[in-house]
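If you count the sequence shown from 1, position 87 lands on 74 in my numbering, and the numbers rise without skipping.
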Amino acid sequence: MSDHDNESATVKPKPSSGRGKFPARLHVLLARDAKVGLVIRRGPSKSVCTVLWNRERDTFKLGQWMRGRIYERRCEPKSWTLRKLAFAEIGAPPGRGCYWDAHELRHESTDTVLSFPEWEWADFVDGRLVWVVEGQLRATRLGRGNFLCEKVLHDFNDMKFESIAAPYQPQT
């Protein structure tokens, strides 16, 4: 178990990474019939890149940077109940857009509820919980009311914009 407090069932905030004002914004889409995922990394302003996630090896390969936006949303629960709480607000909290998510995990047999207002995305992937927080993709196995073996799969915060020719464009 990492930074969880059993009594309050909330995550203790970690100190700021000091990389800038806000961490990278991430969303993950998972392939249904293959062990891959697509990480969509937003930021800096009006920039986005895609990263291929090999879920068998937990390796990541940069796809393409672009100026613009990709719109994404997805979530599905398993044995634990994973609730996605969606918010829309003008004048949202600092570091959030006008739409943002929070997440909550509920373990039915222990009646444990864990609240994660800082998570940007979460899903059950290959028998483990995977989520995005502070520009990092993290994973853990779930026990009876707690986290087991939490680890950072990849930190996307230090990525910089790169102009990469699309594979279908002729080389000049």
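Don't be surprised by glycine CBs; every beta carbon is placed ideally from N, CA and C.
Since we're looking at a predicted model, the values are computed, not measured.
Inter-residue Cα distance where the pair is residue i and residue j
i      : j      : result
Ser70  : Glu107 : For the sequence presented, residue 70 should be read as Arg rather than Ser. Near 12 angstroms, if we compare the C-alpha coordinates of Glu107 and Arg70.
Val38  : Arg115 : 20 angstroms
Phe111 : Leu49  : 23 angstroms
Leu129 : Trp118 : 13 angstroms
Lys147 : Arg28  : 11 angstroms
Glu137 : Arg19  : 24 angstroms
Thr68  : Ala152 : 42 angstroms
Glu105 : Pro157 : 42 angstroms
Counted within 10 angstroms of its Cβ, other Cβ atoms place residue i as buried (16 or more) or exposed
i      : result
Arg44  : exposed
Pro192 : No answer is possible for residue 192: it lies beyond the span of the chain, which begins at -12 and ends at 159.
Leu72  : exposed
CB contact flag (residue i, residue j, <8 angstroms)
i      : j      : result
Arg56  : His94  : no
Val26  : Leu13  : yes
Leu135 : Ala126 : no
Phe103 : Ala11  : no
DSSP three-state assignment for residue i, whether helix, strand or coil
i      : result
Glu149 : coil
Arg28  : strand
Asp113 : coil
Arg125 : strand
Cys85  : coil
Ala73  : strand
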